[in-house]
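Residue numbers (my numbering): 665 to 909.
To keep things clear, I will list the structure first and then write my remarks on it.
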């Protein structure tokens, strides 16, 4: 099978992981409501772990331990700060009955960027060696699963209907395949490594500024323990996966 078809099938398989959120559609509403905040905490840990243990180290490896790398991380952080300010202003001027928290939009944008870059990276591995590509895909898939589940819960918590959240999550996941095709076509002439620290800054902003404040306000000790454990689980999974990358 040619490299092109390896990239195609791996991209479709990765995009299908976004459907993991569909399992929550089978849950009773009361049970799902109890799971939403732990899923938000899981997403926060996964995003933070992805930035700290994967994306920033990869940026340093590819671009060097230069001040400009951390400047790009800061730029990604500030860019989402500005974007969220605009989204807050936009929603304050809408008369719709259903209000969706801007973090839902930010997660979709960040996840789309993340998947696009991930698709480019995995495709690059396939271009170098098929076995390396398979390994890279397995590592990427292992950390996508908890993140996609957390993202789905977060979108619902932000005001999206379950069906819409699932569809939008799947749409953002398809950028993995798009990134793979872009890498296949332009890998010999385009260096997209500078986008990695920028996307890491996006992840840091969402985790620290939007998600952590949402679940840190739980008012009962058992719930505090649950959301803290969920956050640490997301962080720990991404840390462990970094050791196998």
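Backbone N, C-alpha and C define an ideal beta-carbon position, used for all residues, glycine too.
Predicted, not measured: the structure shown is a model, and the values here were computed from it.
Taking DSSP as the reference, what is the three-state secondary structure of residue 911?
Here the chain covers residues 665 to 909 and nothing more, so residue 911 does not appear.
Skipping 5 residues on each side, what residues in its chain have a beta carbon closer than 6 angstroms to that of residue 727?
733, 857, listed in sequence order.
In whole angstroms, give me the CA-to-CA distance for residue 651 and residue 702.
No answer is possible for residue 651: the residues shown for the chain start at 665 and end at 909.
Grab the span of the alpha helix (DSSP H) containing residue 898 for me, first residue to last.
Where residue 898 is concerned, the enclosing alpha helix (DSSP H) stretches over 885-908.
Please report the straight-line C-alpha distance between residue 754 and residue 691, rounded to a whole angstrom.
With a pLDDT of only 43 at residue 754, under the threshold of 50, the placement of this residue in the model should not be trusted, and no figure is reported.
Excluding the 5 residues flanking residue 879 on each side, which residues of the same chain have their C-beta closer than 6 angstroms to its C-beta?
Hits under 6 angstroms: 701, 704, 705, 891.
Please report the residue range of the alpha helix (DSSP H) in which residue 722 lies.
Element bounds for residue 722: 720-727.
Go through its chain and collect everything with a Cβ distance to residue 741's Cβ below 7 angstroms, but skip five positions before and after it.
Answer for residue 741: 865, 868, 869, listed in chain order.
Starting from residue 844, follow the alpha helix (DSSP H) in both directions and report where the run begins and ends.
Unbroken alpha helix (DSSP H) run through residue 844: 839-850.
Between the C-alpha atoms of residue 710 and residue 716, what's the straight-line distance to the nearest angstrom?
Answer to the nearest angstrom: the Cα atoms are 10 angstroms apart.
Do residue 668 and residue 903 have their beta-carbon atoms positioned less than 8 angstroms apart in this structure?
No; because the gap between Cβ atoms is not below 8 angstroms, this pair is not in contact.
Residue 805 and residue 678 look like a contact to me (Cβ under 8 angstroms); what is the Cβ gap, rounded to whole Å?
Right, their Cβ atoms sit about 6 angstroms apart.
Compute the distance between the beta-carbons of residue 780 and residue 842, then report whether it is under 8 angstroms.
Cβ distance < 8 angstroms, so residue 780 and residue 842 count as in contact.
Would you give the residue range spanned by the alpha helix (DSSP H) that residue 667 belongs to?
Here the alpha helix (DSSP H) through residue 667 covers 667-680.
In terms of residues, what are the limits of the alpha helix (DSSP H) holding residue 865?
Residues 859-869.
Could you name the residues of the same chain whose beta carbon sits closer than 8 angstroms to that of residue 912, not counting the 5 residues immediately before and after it, in chain order?
For residue 912 there is no data in the structure shown, the boundaries of the chain being 665 and 909.
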